[in-house]
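Everything below concerns the one structure shown next.
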Amino acid sequence: MNDPADLTLTEIAGALRRRAFSSAELTRWMLERIERWQPAINAFVRIEADEALAAAKAADRALARGKAKGPLHGVPLAHKDMYYVKGKVSECGSKVRAGWVAPATSTALARLYAAGSFRIGALHMSEFAYSPTGHNSYLGPACNAWDPRCITGGSSSGSGTAVAARLVPAALGSDTGGSIRLPAHFCGVTGFKPTYGRVSRANALPLSFTLDTVGPLTVSAEDAGLIMGIIAGPDPLDPTTLGAPPWNAKRTRASPKGLKIGVPTRFYVEDLEPDIAAALDASIATLRKLGTKISKIELPDQTVVSAAALIVLAVEATSAHAPWLRTRAADYGPQVRNRLQNGLAYSALEYLEALRWRGPALAAHLDAIGDVDVVIAPVSRSVAPTISATDLGGVPEAEAAIQAITRFMRPTNFLGLPSLVVPAGQSQSGLPIGMQLIGRPFGDEALIALGRAFQAATDHHRRVPALQ
Amino acid sequence: MPDNISPDRVTAVAAAARVPLAPNDAARIARAVAPVAARFAAAKVNLPLETEPASFVAVQRREIGQ
Numbered sequence: 000m001n002d003p004a005d006l007t008l009t010e011i012a013g014a015l016r017r018r019a020f021s022s023a024e025l026t027r028w029m030l031e032r033i034e035r036w037q038p039a040i041n042a043f044v045r046i047e048a049d050e051a052l053a054a055a056k057a058a059d060r061a062l063a064r065g066k067a068k069g070p071l072h073g074v075p076l077a078h079k080d081m082y083y084v085k086g087k088v089s090e091c092g093s094k095v096r097a098g099w100v101a102p103a104t105s106t107a108l109a110r111l112y113a114a115g116s117f118r119i120g121a122l123h124m125s126e127f128a129y130s131p132t133g134h135n136s137y138l139g140p141a142c143n144a145w146d147p148r149c150i151t152g153g154s155s156s157g158s159g160t161a162v163a164a165r166l167v168p169a170a171l172g173s174d175t176g177g178s179i180r181l182p183a184h185f186c187g188v189t190g191f192k193p194t195y196g197r198v199s200r201a202n203a204l205p206l207s208f209t210l211d212t213v214g215p216l217t218v219s220a221e222d223a224g225l226i227m228g229i230i231a232g233p234d235p236l237d238p239t240t241l242g243a244p245p246w247n248a249k250r251t252r253a254s255p256k257g258l259k260i261g262v263p264t265r266f267y268v269e270d271l272e273p274d275i276a277a278a279l280d281a282s283i284a285t286l287r288k289l290g291t292k293i294s295k296i297e298l299p300d301q302t303v304v305s306a307a308a309l310i311v312l313a314v315e316a317t318s319a320h321a322p323w324l325r326t327r328a329a330d331y332g333p334q335v336r337n338r339l340q341n342g343l344a345y346s347a348l349e350y351l352e353a354l355r356w357r358g359p360a361l362a363a364h365l366d367a368i369g370d371v372d373v374v375i376a377p378v379s380r381s382v383a384p385t386i387s388a389t390d391l392g393g394v395p396e397a398e399a400a401i402q403a404i405t406r407f408m409r410p411t412n413f414l415g416l417p418s419l420v421v422p423a424g425q426s427q428s429g430l431p432i433g434m435q436l437i438g439r440p441f442g443d444e445a446l447i448a449l450g451r452a453f454q455a456a457t458d459h460h461r462r463v464p465a466l467q
Numbered sequence: 000m001p002d003n004i005s006p007d008r009v010t011a012v013a014a015a016a017r018v019p020l021a022p023n024d025a026a027r028i029a030r031a032v033a034p035v036a037a038r039f040a041a042a043k044v045n046l047p048l049e050t051e052p053a054s055f056v057a058v059q060r061r062e063i064g065q
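Chain order of the listed sequences is A and H.
Residues in the first sequence are numbered from 0 upward in steps of one, following numbering that gives the first Met the number 0.
Residues in the second sequence are numbered from 0 upward in steps of one, following numbering that gives the first Met the number 0.
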């Protein structure tokens, strides 16, 4: 068997179809790899070896009968522990939900299962998806596969580090304020936050109904397109998806020639560490070589957009958690409890002004970028900091530190835009660097196409960390 | 719209929401969120009377088919 750690999800699915290896062989290989890596990176919250092996053998038997279920037939996957599976525990990273059994299966997971994938376990996450670092006082921190002393980013902490270590070839995350893109950047994997309304959030843990999005962390942009082709589309259980266009796989293979790329002149290019600035410049040079047209753009004041996002997020998260804040506040970790309490401070007028401003803010953004197709920007001003340096718990300074980490994230959530993070280099210390390609509303497929072209010209996404 | 959030305001809102706070929480919360509220207030966003949250969907969906 080829080493599956060298393969993308698309290549693994193809190898299974060709019977280059069986699903049972692949699953055993993954379980052994998980066993070796788990003590170092704490990526999984539950490993379901027996059930996964049984599902793999069933997939092999079905394939032998010519009954492949779909494009992910026989692929073991694991996802952030906030995607509900009927009858299975889903603790959402919190003592508050210890032992909680989900009453229904999330639409996104149901679609991945219908495409032939099955579950090998569940992945670590920040408590209730409300922290950008990967710290979790209930579960302990998830650790970065490139350097276990460093954070994974959050809140899709397990998804980022598990895909980086190739414990699974893809995993769902969720992104309300950077929770897919930050782990993709810090862990060196591809991450895709779709346009708001493109993927159903039904029966997944909510954090902020205005900002929540569901998307994958994968090895390649092609893989992200494969997952999106399966999970995107209308769902009566999530009205925000109704009326969104169907996924267009053909557009994910379009040439990038002539695509217009905007480079912000402010905000996203300020106060960058030298390694990040160098990776941004190198990425722009690669995009230019691919035949895209690069131009500078003046975006509206992103600090205001960011503030509006923080107000909406804080109030909606606090509203969702108010019953438990009244009765079980002590069961939250200190940092998340503090952040949830922060939402009490805003008035209804402040919240609604921010929410009503979302449409005008998007219109202003589109006016500013004109006919630009994609905006390129860093994900963070630095590579992954250490766990100890960011282990702030509930101290008053924690909120400012969190806002600094998520600085380049929130405008995209507030405007509901799609954003693809592609590995784009590494620091002098060897830590990964990602770049975000931010698209127009429903321009998701163009981002996948651009990401595929970028990854055909670079090999950052093929780098795999060694177990230390 | 107020551009400053005081501990007294936080205490009052928490009481109205029936969420208990520890003695120092109100001051900590006010310190954490006041810069955000002040930044948004300083922008003096002026919304037409007719603007509602769903106007976002209208702007977003203009892009479909383009």
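C-beta atoms are modelled at their ideal positions from N, C-alpha and C, and glycine is treated no differently.
Note that this is a predicted model, so its numbers are computed, not measured.
Through-space distance from V58(H) to P359(A), alpha-carbon basis
Position 360 of the first sequence, counted from the start, is the residue given in the question as residue 359(A). Position 59 of the second sequence, counted from the start, is the residue given in the question as residue 58(H). Going from the Cα of P359(A) to the Cα of V58(H) covers about 8 Å.
Consult DSSP for I63(H) and reduce its assignment to one of helix, strand or coil.
Position 64 of the second sequence, counted from the first residue, corresponds to residue 63(H). Judged by DSSP in its simplified three-state form, I63(H) adopts coil rather than helix or strand.
Give a yes or no on whether the minimum CB-CB distance between D24(H) and chain A is below 8 Å.
The residue you call residue 24(H) lines up with position 25 of the second sequence. By this cut-off, D24(H) is an interface position.
Along the chain, where does the beta strand (DSSP E) containing L171(A) start, and where does it finish?
Counting from one through the first sequence, the residue named residue 171(A) turns up at place 172. Note, L171(A): beta strand (DSSP E), A169 to D174.
What residues match up with V373(A) in a beta bridge as DSSP calls it?
Taking the first residue of the first sequence as 1, we reach residue 373(A) at position 374. Here V373(A) is bridged, per DSSP, to I260(A).
For R337(A), which three-state DSSP category applies?
As a working note, residue 337(A) is residue 338 in the first sequence. According to the sequence shown, residue 337(A) is Asn rather than Arg. Three-state result, N337(A): helix.
Less than 8 Å between CB atoms is the rule here; does L48(H) satisfy it with respect to chain A?
Taking the first residue of the second sequence as position 1, residue 48(H) is located at position 49. It does not: the Cβ of L48(H) has no partner Cβ on chain A nearer than 8 Å.
Enclosing alpha helix (DSSP H) for P182(A) [first to last residue]
Counting from one through the first sequence, the residue named residue 182(A) turns up at place 183. Its alpha helix (DSSP H) spans residues R180 to C186.
Could you tell me whether the Cβ of V303(A) comes closer than 8 Å to any Cβ of chain H?
On the first sequence, position 304 is the one that residue 303(A) refers to. Yes, its Cβ sits closer than 8 Å to a Cβ of chain H.
According to the neighbour-count rule (16 or more other Cβ atoms, all chains shown, within 10 Å of its Cβ), is R35(A) buried or exposed?
Residue mapping note: residue 35(A) aligns to position 36 of the first sequence, counting from 1. Here R35(A) is exposed, its C-beta having fewer than 16 other C-beta atoms within 10 Å.
Run through DSSP, which three-state label would G65(A) get?
Translated into positions along the first sequence, residue 65(A) becomes position 66. Three-state DSSP puts G65(A) in coil, outside helix and strand.
Count the other CB atoms within 10 Å of the CB of V394(A); is the residue buried (16 or more) or exposed (fewer)?
Against the first sequence, residue 394(A) aligns to sequence position 395. That one is exposed.
Which residue wins for smallest C-alpha separation from V138(A), given the options D270(A), C91(A) and I230(A)?
Here residue 138(A) refers to the residue found at position 139 of the first sequence. Residue identity check: residue 138(A) is Leu in the sequence provided, not Val. Out of D270(A), C91(A) and I230(A), C91(A) has the C-alpha closest to the C-alpha of L138(A).
Any idea if G415(A) is buried or exposed, counting beta-carbon neighbours within 10 angstroms, 16 or more meaning buried?
Taking the first sequence and counting its residues from 1, the one referred to as residue 415(A) is at position 416. For G415(A), the number of other beta carbons within 10 angstroms of its own is at least 16, and it is reported as buried.
Compare the C-beta of G13(A) with all C-beta atoms of chain H and state if any pair is closer than 8 Å.
By one-based count along the first sequence, residue 13(A) stands at place 14. Output row for G13(A): interface = no.
Name the chain H residues whose beta carbon is nearer than 7 Å to that of Y331(A)?
For this step, residue 331(A) is matched to residue 332 along the first sequence. One finds nothing in chain H with a Cβ atom closer than 7 Å to the Cβ of Y331(A); even the nearest lies about 12 Å away.
With distances taken from CA atoms, which of K192(A), I229(A) and G157(A) is nearest H72(A)?
Position 73 of the first sequence, counted from the first residue, corresponds to residue 72(A). Shortest Cα-Cα distance from H72(A) to any of K192(A), I229(A) and G157(A) involves I229(A).
Just to confirm my understanding: we take T389(A), look at its own chain, exclude 5 residues before and 5 after, and list those with CB closer than 6 Å. What are they?
Here residue 389(A) corresponds to residue number 390 of the first sequence, with the count starting at 1. Counting only Cβ-Cβ distances below 6 Å, and skipping sequence neighbours, we find T132 and I150.
Within the chosen definition, does the stretch 289-305 of chain A reach the stretch 256-269 of chain A through at least 3 CB pairs nearer than 8 Å?
Yes: the two stretches touch, three or more of their Cβ pairs being nearer than 8 Å.
Same chain, Cβ closer than 7 Å to A141(A), five either side skipped, listed in chain order:
Taking the first residue of the first sequence as position 1, residue 141(A) is located at position 142. Correct list, in chain order: I40, N41, A42, H123, G133, T151, S156, G157 and T160.
With burial defined as no fewer than 16 other Cβ atoms inside 10 Å of the residue's Cβ, what is the status of G65(A): buried or exposed?
Numbered from its first residue, the first sequence carries residue 65(A) at position 66. With fewer than 16 other Cβ atoms within 10 Å, it is exposed.
Let me see if you follow: with CB-CB separation under 8 Å, is P395(A) close to chain H or not?
Walking along the first sequence from the start, residue 395(A) turns up at place 396. The beta carbon of P395(A) falls within 8 Å of a beta carbon belonging to chain H, placing the residue at that interface.
First and last residue of the beta strand (DSSP E) that includes T217(A)?
Within the first sequence, the letter at position 218 stands for residue 217(A). Its beta strand (DSSP E) spans residues T212 to T217.
Chain H residues whose Cβ lies nearer than 9 Å to that of A353(A)
For this step, residue 353(A) is matched to residue 354 along the first sequence. Under a criterion of Cβ atoms nearer than 9 Å, the residues of chain H adjacent to A353(A) are, in order, F39 and V44.
Pairwise C-alpha distance: V167(A) and N143(A)
As a working mapping, residue 143(A) is identified with position 144 in the first sequence. As a working mapping, residue 167(A) is identified with position 168 in the first sequence. If I take the Cα positions, the gap works out to 15 Å.
Taking its Cβ as the centre, do 16 or more other Cβ atoms sit within 10 Å of L241(A), making it buried, or is it exposed?
Numbered from its first residue, the first sequence carries residue 241(A) at position 242. Per the 10 Å Cβ criterion, exposed.
Members of the stretch 123-147 of chain A that neighbour chain B once the beta carbon cut-off is set at 9 Å:
In the structure shown, chain B does not exist; the protein chains are A and H.
Euclidean distance between Cα positions of T285(A) and V378(A):
The sequence position of residue 285(A) within the first sequence is 286, counting from 1. The sequence position of residue 378(A) within the first sequence is 379, counting from 1. Taking the straight line from one Cα to the other gives about 18 Å.
Compare the C-alpha of R250(A) against each of L15(A), E444(A), R16(A) and I46(A) and name the closest.
Position 251 of the first sequence holds residue 250(A). In this structure, E444(A) is the residue among L15(A), E444(A), R16(A) and I46(A) with its C-alpha nearest to the C-alpha of R250(A).
What beta strand (DSSP E) runs, 3 residues minimum, are completely inside the stretch 70-100 of chain A?
Taking only runs of at least 3 residues, the beta strand (DSSP E) segments lying wholly in the stretch 70-100 of chain A are 75-79.
Hey, would you say Y331(A) sits closer than 8 Å to V95(A), going by beta carbons?
Position 332 of the first sequence holds residue 331(A). Position 96 of the first sequence holds residue 95(A). The Cβ atoms of Y331(A) and V95(A) sit closer than 8 Å to each other.
Any beta-carbon of chain H closer than 8 Å to the one on G369(A)?
As a first step, residue 369(A) must be located in the first sequence, where it is residue number 370. Not closer than 8 Å to any Cβ of chain H, the Cβ of G369(A) fails to qualify, so no.
Leaving out the 5 sequence neighbours to the left and right, which residues in its chain are closer than 7 Å to V314(A) when beta-carbon positions are compared?
Taking the first residue of the first sequence as position 1, residue 314(A) is located at position 315. Closer than 7 Å at Cβ, skipping near neighbours: G342, Y345 and Y350.
Cross-strand partners of D146(A) (DSSP beta bridge):
Numbered from its first residue, the first sequence carries residue 146(A) at position 147. Its beta-bridge partners are N143(A).
Does R197(A) come out as helix, strand or coil in the three-state DSSP assignment?
Position 198 of the first sequence holds residue 197(A). If DSSP states are grouped into helix, strand and coil, R197(A) belongs with coil.
Apart from the five residues just before and just after R203(A), which ones in its own chain have a Cβ nearer than 7 Å to its Cβ?
In the first sequence, the residue the question calls residue 203(A) occupies position 204. A small correction: the amino acid at residue 203(A) is Ala; Arg does not occupy that position in the sequence shown. The answer, listed in chain order, is M81, Y82, Y83, S105, A107, S173 and V213.
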